[in-house]
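Asker: Structure in structure tokens, see below.
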Amino acid sequence: MKVLLDENLDHALRNLLGPHEVVTASYMGWAGLKNGDLLQAAENGGIEVLLTGDQTLNYEQNLVGRRFGVVALTAIQLPIIKGGLPAVIAAIDRAAPGSFQLVECGAFTRKNQSP
């Protein structure tokens, strides 16, 4: 599948998503596009899945009728996402046009620092 990696995710994630063709917004010339404009560019650009860290995108934008699916992650930090990669890849594999999936990747926890 052709996957668009949103600007809020680490570009290094591109190389971890198996057989999928992963492009970034900046690579596609869409750097800085927000919300509706990015969704329209993705649709016009033949994107099949938008991978994002924006967990509320389905509330902000109407995805019904879109020709791509959205996979949102609960974390944006690469070390945390790596722990959930099998679930991320599975969500990409089952993404359907107009769908929204939220993938639980874990959460960032701050270590207590001793004084």
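Residues are numbered in this note's numbering as their position in the sequence shown, beginning at 1, plus a constant of 27.
Glycine included, every Cβ here is placed at the ideal spot set by N, Cα and C.
Because the structure is a prediction, the values reported are computed rather than measured.
Using the Cα positions of residue 112 and residue 106, report the straight-line distance between them to the nearest angstrom.
Answerer: 10 angstroms
Asker: Is the beta carbon of residue 28 closer than 8 angstroms to that of residue 108?
Answerer: Residue 28 is positioned such that its CB atom lies no closer than 8 angstroms to that of residue 108.
Asker: Could you tell me which residues DSSP pairs with residue 49 in its beta bridges?
Answerer: 30
Asker: Can you tell me which residues form a DSSP beta bridge with residue 78?
Answerer: 32, 98
Asker: Tell me the residue span of the beta strand (DSSP E) that contains residue 128.
Answerer: 127 to 130
Asker: Check residue 103 in the structure and name its three-state DSSP category.
Answerer: coil
Asker: Between residue 78 and residue 98, is the Cβ-Cβ spacing less than 8 angstroms?
Answerer: yes
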